[in-house]
Amino acid sequence: MDINNFLEILTNGSSISGHEYRLNDKISSAFKIYTDDIYIDNLGNIIALKKGRNNDSNLKIMMAAHMDEIGLMVKYIEDNGFIKFTNIGGIDPRTLLGQEVIVHGNRDLYGVIGSKPPHLQEASEMNKTIKMEDMIIDLGYSKEEVEKYINIGDVITIKRKLRALQGKRLTGKALDDKSGIVAMYECIKELSKMEYEADVYFVSTVQEEVGMRGAYTSTFDINPDIGISIDVGFGSTPELPKEDTLDMGKGPGITLGGNIHPGLRQQMVTIAEEYNIPFQTEVTPGPTGTDARAMQITRSGIPTLCLSIPLRYMHTSVEIVDMRDIKNTAKLLAFFIASISNENLEGLLCY
Amino acid sequence: MLLKKLTEASGISGNEKEVRDIILDEIKGYVDNIKIDKLGNVIVYKEGKNHSKKLMITAHMDEVGLIVTNIDALGLIKFVPVGGIDKRILVSKPVLIGKNKIPGVIGSKPIHLQKKEEWEDALGIDQLYIDIGVDTEEEAKKLINIGDYISFDSDFVEFGENLIKAKALDNRVGCSLLIEILKETKDIGFYGVFTVMEEIGLVGAGPAAYSVDPDICIVLEGTLCYDVPQIDKHLIPTYLNKGPAISLMDRTTLFDTNLRKKIIKIAENNKIPYQYRKTAMGGNDSGKIHTSKDGVITTTISVPCRNIHSPTSVMSKYDYENAYKLLKAILFEYEKGAL
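Just so you know, the sequences run in chain order F and U.
In terms of numbering that gives the first Met the number 0, the first sequence opens at residue 0 and continues consecutively.
In terms of numbering that gives the first Met the number 0, the second sequence opens at residue 0 and continues consecutively.
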């Protein structure tokens with residue numbers, strides 16, 4: 000499958016943290032044709048294994064990109080059928096007003112988010128954010144009708160279709176971190192044409208947005224020699240400090256800091272330079288807010304790397320990525336994996 | 000569906016051409032005289048029985064939106080609103096820019112890089128910009144010009160029980176009603192006027208009323224609706240699904256009481272549900288029309304719209320149908336000379 004199509008399927012779909020199963024078939028069927036084994040663990044992580052060149056004691060490299068996305072949850076149904084809701088994962092309430100949503104009950108219902116109208120607000124209120132608790136979802140049905148389909152606790156997705164902007168840029172919701180899944184998918188396709196030693200685990204993790212929970216269990220299960228998280232990094236915009244961001248279209252950020260194994264990182268940089276793959280440096284001194292954090296401290300500790308795909312307007316429904324960055328991330332991952340062998344790993348890990 | 004075509008077209012105040020063209024195409028052959036005046040208002044006359052009183056029915060064509068004011072070195076586009084827009088609805092929305100409808104998005108700073116206090120303040124227009132996916136001013140200027148109009152990218156959706164979501168329901172709903180009544184009525188002489196630039200100060204209505212010089216005017220509108228359970232009943236301007244709303248007063252007009260009473264009676268005699276528009280906020284073309292020349296008797300009949308002036312306005316087909324029935328019944332009375 001073309002990676003643009005795959006990204007479209009993933010971002011237009013729904014996989015709110017804890018409810019990722021809606022994408023299981025899409026992800027499994029895409030990876031399946033390239034893998035030796037694929038299974039779903041107790042928490043819902045999709046683990047796809049692609050074996051390396053035949054030997055008995057293959058080392059294990061695990062990649063993780065999270066399949067979950069932020070969303071909302073039904074809290075209460077008003078007397079006139081309006082829904083009150085709360086958030087799952089980090090959502091700026093300012094991004095919610097006027098959005099279209101899908102409420103996932105025993106059937107999917109379309110709705111729109113509204114609030115107190117301007118004419119009933121004090122002038123001073125107009126400069127204040129409307130709080131999430133003052134917003135409602137209008138499903139267009141009476142309470143009796145809503146209750147037939149919707150329960151408290153049902154999850155809600157912001158409705159947004161992937162759309163092409165200029166050049167190679169695309170906009171949509173939840174490109175954090177469906178872009179990472181697509182980069183893994185492109186990587187597995189690349190690896191199919193390459194010689195490499197390691198057994199590679201492509202893990203679509205669950206519940207990253209609420210605390211990397213899927214990464215903990217999948218890493219425990221796989222117990223890899225190297226863990227690589229593929230997530231998104233803050234794309235540069237004028238209001239953000241330059242040092243906190245990555246430029247769009249200039250390659251993935253290779254994270255540097257305490258969460259990252261310095262020897263492996265050096266190898267990643269060397270490979271990028273050797274194959275002329277553009278990259279940027281992302282400096283995170285402490286734990287990254289990605290699956291790399293969970294991987295690093297699993298079992299007796301795992302040497303970890305993190306690649307960040309530049310993404311603008313993170314956690315809004317109009318995130319932007321550049322397809323060139325996704326492709327370069329995939330390429331870098333594939334060449335990196337091919338460069339790791341039983342022979343050189345010990346040296347790379349040496350402090 | 001006509002309303003789908005009308006709401007998905009772009010017609011920001013001062014740039015109504017796309018909507019005007021749809022209207023002209025729709026009414027062609029159904030009216031006896033079409034004139035586009037110097038401001039862009041469409042003034043049509045339908046021949047029929049002569050009456051001592053001249054009737055004009057109006058709907059404004061324009062919608063609120065944005066306009067490009069600058070393109071910065073990074074190719075990001077600055078804008079200001081055209082008409083009354085709550086700036087808080089702009090964040091995290093797709094838009095379409097200019098004649099070629101170049102897609103763009105209004106993003107915002109990632110939540111991760113904000114301090115919690117920042118959430119409490121609404122983002123100002125000066126903090127927002129549109130990203131079309133380019134990196135330089137040069138690239139952007141090949142596609143976008145300063146002064147290009149920007150509309151919300153929002154499609155027409157039917158949902159729930161009889162509801163419609165769309166942008167620009169204020170006032171494509173009025174345009175749709177007027178188009179349909181122009182197409183369906185026979186032998187009743189009246190003027191239909193599609194006005195420009197209502198949202199930026201009732202600009203088109205005055206000159207249109209001046210040239211038509213009517214005795215009576217019915218203004219068709221989409222009006223605000225906020226019907227949540229928690230607020231006091233008297234603060235609810237209109238309800239969805241309770242029929243067309245008949246205006247009492249707003250910021251621009253004290254609507255004629257006698258005409259209102261006649262219309263209520265017509266509604267009641269024909270068993271058409273109706274409600275009063277119970278807020279003095281807002282205003283519409285009637286403000287300029289009722290003070291035109293030696294004065295015009297006016298009324299406003301509106302279809303209630305939740306989330307008005309946003310990309311996701313919501314109305315009920317039931318209210319639309321009843322607004323249409325009422326309009327038809329009023330014309331019937333007018334034909335008898337009873338208005």
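A virtual CB, placed ideally from N, CA and C, is assigned to each residue, including glycine.
Take the alpha-carbon of T278/U and the one of P243/U: they are about 15 Å apart. Think of a sphere of 7 Å around the beta carbon of G159/U: the chain F residues whose beta carbon falls inside it are L138, G139, Y140, in chain order. Rounded to the nearest angstrom, the Cβ distance from R87/U to R93/F is 7 Å, consistent with a contact under 8 Å. For the C-beta of E198/U, not a single chain F residue is nearer than 7 Å; the gap to the nearest is close to 14 Å. Distances from the CA of G221/U to each of M60/U, I215/U, G103/U were compared; the closest alpha carbon is that of M60/U. Chain order gives no chain U residues near H65/F, where near means a beta carbon separation below 8 Å; the closest approach is about 15 Å. In the DSSP annotation of this structure, the continuous segment of the alpha helix (DSSP H) that includes K260/U starts and ends at 256-268.
9 Å or more divides the Cβ of I151/F from the Cβ of I136/F.
Annotated as proximal: M62/F and M183/F, with beta-carbon spacing under 9 Å. Within the DSSP secondary-structure output, T156/F pairs in a beta bridge with I101/F.
Neighbours of N126/F across chain U, judged by C-beta separation under 7 Å: D120, A121.
For E189/F, same chain residues with a beta-carbon under 7 Å away, outside a window of 5 residues either side, are A329, K330, A333 in chain order. Neighbourhood of V320/F in chain U, by CB distance below 7 Å: empty, with the nearest CB roughly 10 Å away. At the C-beta level, L38/U and A207/U come within 9 Å of one another. With 16 or more neighbouring CB atoms inside 10 Å of its own CB, D224/F falls in the buried class.
Per the C-alpha coordinates, the member of Y140/F, L239/F, Q120/F positioned closest to Q126/U is L239/F. Secondary structure of E138/U (DSSP, three-state): helix. K16/U and C216/U have their C-alpha atoms spaced approximately 24 Å apart. In the DSSP assignment, N3/F falls within the alpha helix (DSSP H) that extends over 2-11. Taking 9 Å as the CB threshold, V156/U lines the interface with chain F.
Remark: C-beta atoms of H103/F and V205/F do not approach each other more closely than 9 Å. CA-CA distance, K34/U to A204/U, rounds to 14 Å. Beta-bridge analysis with DSSP links S91/U to no other residue. Straight-line spacing of the CA atoms in L112/U and G171/F works out to 20 Å. In the structure shown, the three-state DSSP call for G113/F is strand. About 4 Å separates the CB atoms of Y273/U and A266/U; that is less than 8 Å, so the two are in contact. Looking from the CA of K292/U, the closest CA among Y209/U, G286/U, F189/U belongs to Y209/U. Annotated three-state conformation of F81/F is coil, per DSSP. Between V211/U and E124/F, the alpha-carbon positions lie close to 42 Å from each other. Distances from the alpha-carbon of P251/F to those of I157/F, C305/F, Q266/F put C305/F closest. Here DSSP, grouped into helix, strand and coil, assigns I307/U to coil.
The three-state reading of DSSP puts F219/F in helix, counting H, G and I together. Three or more pairs of CB atoms, one per stretch, sit closer than 8 Å, so the segment 307-318 of chain U contacts the segment 158-172 of chain U.
CA-CA distance, S312/U to D169/U, rounds to 8 Å.
Listed by position along chain U, the residues whose Cβ is nearer than 8 Å to that of N327/F form an empty set, because the closest Cβ is around 16 Å away. For R52/F, the three-state secondary structure derived from DSSP is coil.
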